[in-house]
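Working notes for the structure below.
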Amino acid sequence: VYNKSKRMEEKEMGRKRTPGEEARRELIRELLSNANVTGMEDIQRLFRETIAEFLEGSLDAELDETLGYGRYDHTARTESGTTNSRNGHSRKTLKTSAGKIDVNIPRDRNGEFEPRILPKNQTSISTTIESKIVSMYAKGMTTSDIQAHIKDIYGMDISDTTVSRITDKILPEAREWQQRPLESVYAVVFMDAIYYHVRSEGQIVKKAVYIAIGVNPEGRKSVLGMWVGENESAKFWASVLNNLKNRKVEDILIACTNNLTGFSEAIAAVFPKTDIQNCIIHQLRNSSKYVSYKDIKALMADLKQVYQAVDEQSALAALDDFAEIWDKKYPKISKSWRENWANLSTYFKFPEELRRLIYTTNAIEGFNRQLRKVTKSKPVFPTDDSLFKMLYLAMLDITKKWTCRRQDWAQIYPQLALYYSGRIPE
Numbered sequence: 046v047y048n049k050s051k052r053m054e055e056k057e058m059g060r061k062r063t064p065g066e067e068a069r070r071e072l073i074r075e076l077l078s079n080a081n082v083t084g085m086e087d088i089q090r091l092f093r094e095t096i097a098e099f100l101e102g103s104l105d106a107e108l109d110e111t112l113g114y115g116r117y118d119h120t121a122r123t124e125s126g127t128t129n130s131r132n133g134h135s136r137k138t139l140k141t142s143a144g145k146i147d148v149n150i151p152r153d154r155n156g157e158f159e160p161r162i163l164p165k166n167q168t169s170i171s172t173t174i175e176s177k178i179v180s181m182y183a184k185g186m187t188t189s190d191i192q193a194h195i196k197d198i199y200g201m202d203i204s205d206t207t208v209s210r211i212t213d214k215i216l217p218e219a220r221e222w223q224q225r226p227l228e229s230v231y232a233v234v235f236m237d238a239i240y241y242h243v244r245s246e247g248q249i250v251k252k253a254v255y256i257a258i259g260v261n262p263e264g265r266k267s268v269l270g271m272w273v274g275e276n277e278s279a280k281f282w283a284s285v286l287n288n289l290k291n292r293k294v295e296d297i298l299i300a301c302t303n304n305l306t307g308f309s310e311a312i313a314a315v316f317p318k319t320d321i322q323n324c325i326i327h328q329l330r331n332s333s334k335y336v337s338y339k340d341i342k343a344l345m346a347d348l349k350q351v352y353q354a355v356d357e358q359s360a361l362a363a364l365d366d367f368a369e370i371w372d373k374k375y376p377k378i379s380k381s382w383r384e385n386w387a388n389l390s391t392y393f394k395f396p397e398e399l400r401r402l403i404y405t406t407n408a409i410e411g412f413n414r415q416l417r418k419v420t421k422s423k424p425v426f427p428t429d430d431s432l433f434k435m436l437y438l439a440m441l442d443i444t445k446k447w448t449c450r451r452q453d454w455a456q457i458y459p460q461l462a463l464y465y466s467g468r469i470p471e
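471 is the number that our numbering gives the last residue of the sequence shown; the numbers go up by one with no jumps.
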């Protein structure tokens, strides 16, 4: 009981400080007393002065290293044989999380001094704030929300122009990512489009963002690219596929897509060996679009017999049964399944684990849902670049968790190796 009460007492009192921590606390108390600190404004002022002192001391040390001798070390200067020397100071105003500070920058006579701790063109050391702004923007916060948060946390006023300027620094990185070389082979590539409103030439137009997600031979998925274009078309998808090929993709084993007209032809033109699997969920949505609510439950149960059949032959028999029951009332449904059968039935030739991976584009639709969560606060984007910038930052945030391969990859990979012998790396 005594030991328990003693532990509780220690817990209430807090962790005991180490001798080093206690010594630092004593120095801080002495500093606060000498500086006559009575409130948070005094602490911020002291913090700014501390930053300035640290930077100036560091800059002086860097110049000593560049010259090869210290400020008053005349012997070392003579021995070094250099003709260079100190040449006064210039003043620079820096933005920090505690406000603006003035720093004296030492100069050399020959103009050779290149500070590392504070590069010549740097006007801010608020990298923490910038990273916070980028992080908030990536999570879909509006410019006004970001301004308010920065004001609350750091006491700094920033404009919407500043937010845009900071986030625009991401664009070169995003474009480089969009053009990076890819792997030579992908086991599966999911392709889909998501729509946004963008201002263009004084009008608000609906634009498609084409997205490709690949699963490599090791079972790890990644976003291969995101392309802003006009309304979804097979022609634009062909340009996306050519972009993948130009970035060193030599082969795609299976492409999972919606049933957009001309999509299959576009894939066959660029990757002729690729098997195509149209999304069953898309097909089901199209099939149920004009079905009466009274019939929907029974009709979908009969369709389930088709897409969950054990093999293609059984699926076709189930489709015949479906047509016999429903064609009089909904003749277009079985007709649509038959017209698209070549690309709807690809998954029947594979075992169960591989079927589950490719019969639907859920992998990319889940990603799209997360993008919509981030972008829902932006009903209209001012430019294509602003849309791409936000999607890129959101993508980085979403894919942080994409570090492991699929759990069932140990079962899927041997099947791929069997069906695509010679095309998938051992």
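Backbone N, C-alpha and C define an ideal beta-carbon position, used for all residues, glycine too.
Given this structure, state the Cα-to-Cα distance separating residue i from residue j, to the nearest angstrom.
| i | j | result |
| --- | --- | --- |
| T95 | Q89 | 10 Å |
| W371 | A343 | 10 Å |
| D347 | F235 | 28 Å |
| A232 | K418 | 29 Å |
| R52 | H194 | For R52, the predicted model reports a pLDDT of 49, less than 50, meaning its position is unreliable; a value from the coordinates is still stated below. Answer to the nearest angstrom: the Cα atoms are 40 Å apart. |
| E471 | R383 | 37 Å |
| K411 | P226 | Checking the sequence shown, residue 411 turns out to be Gly, not Lys. When rounded, the distance between both Cα atoms is 25 Å. |
| F281 | G274 | 8 Å |
| S78 | D87 | 11 Å |
| I162 | G247 | 45 Å |
| A106 | R210 | 33 Å |
| G65 | F99 | 21 Å |
| T405 | E218 | 32 Å |
| D147 | R93 | 9 Å |
| L76 | V82 | 9 Å |
| L463 | L305 | 30 Å |
| A314 | G307 | 11 Å |
| T141 | S125 | 38 Å |
| A97 | R414 | 47 Å |
| F433 | L441 | 12 Å |
| D118 | I150 | 20 Å |
| L139 | V294 | 46 Å |
Just to confirm my understanding: we take residue i, look at its own chain, exclude 5 residues before and 5 after, and list those with CB closer than 8 Å. What are they?
| i | result |
| --- | --- |
| N407 | I326 |
| K266 | I258, G259, V260, A408, W447, R451 |
| D296 | S229, V230, Y231, F316, K318, T319, R468 |
| G115 | D109, A121 |
Where does residue i sit, in a helix, a strand or coil, going by DSSP?
| i | result |
| --- | --- |
| K251 | strand |
| A121 | helix |
| L77 | helix |
| M236 | strand |
| L305 | coil |
| V230 | strand |
| P459 | helix |
| R62 | coil |
| S130 | coil |
| K423 | coil |
| R116 | coil |
| T141 | strand |
| D109 | helix |
| D147 | strand |
| K51 | Because K51 sits at a pLDDT of 45, beneath the cut-off of 50, its placement in the model cannot be relied upon, and the point is left open. |
| L298 | strand |
| S245 | strand |
| D87 | helix |
| K56 | Residue placement at K56 is flagged as unreliable, the pLDDT there being 49, under the threshold of 50; a coordinate-derived value is accordingly withheld. |
| R93 | helix |
| D153 | strand |
| R136 | strand |
| P217 | helix |
Spatial neighbours of residue i within its chain, please: C-beta separation below 7 Å, excluding the five flanking residues on both sides.
| i | result |
| --- | --- |
| L438 | V179, Y182, A183, I215 |
| N129 | L112, D153, R154, N155, E157 |
| I321 | A300, T302, S309, I312, N388, T391 |
| T127 | L112, G113 |
| P262 | V230, A232, I469, P470 |
| N288 | G270 |
| D416 | Checking the sequence, you will find Leu at residue 416 rather than Asp. The answer, listed in chain order, is I239, L436, A439. |
| G133 | R152 |
| Q223 | G270 |
| E101 | V148, N149 |
I'd like the list of long-range same chain contacts for residue i, defined as Cβ closer than 6 Å, with 5 residues on each side in sequence excluded.
| i | result |
| --- | --- |
| W272 | Y255, V285 |
| A363 | Q350, V351, A354 |
| P253 | Checking the sequence shown, residue 253 turns out to be Ala, not Pro. Cβ neighbours of A253 beyond the five flanking positions: A238, Y240, G274, N276, E277. |
| Y465 | L298 |
Closer than 8 Å, CB to CB, is residue i near chain B or not?
| i | result |
| --- | --- |
| Y465 | Among the chains of the structure shown, chain B does not appear; only one protein chain is present. |
Say yes only if the C-beta of residue i is nearer than 7 Å to one or more non-hydrogen atoms of the ligand ATP, and no if none qualify.
| i | result |
| --- | --- |
| S267 | The ligand ATP is absent from the structure shown, which contains no ligand whatsoever. |
Inset, instruction - Specify whether the segment 425-442 and the segment 227-246 touch according to this definition: at least 3 beta carbon pairs, one from each stretch, less than 8 Å apart. - result: yes
Inset, instruction - Entirely within the segment 308-387 and at least 4 residues each: give me those alpha helix (DSSP H) ranges in chain order. - result: 308-315, 325-333, 341-352, 357-371, 376-384
Legend entry - Runs of beta strand (DSSP E) wholly within the segment 257-294 (minimum 3 residues, chain order): 266-274
Inset, instruction - Flag this pair as touching only if the segment 386-399 and the segment 455-469 have three or more C-beta atom pairs under 8 Å; answer yes or no. - result: yes
Legend entry - Three-pair Cβ contact test at 8 Å for the segment 351-363 versus the segment 333-340: no
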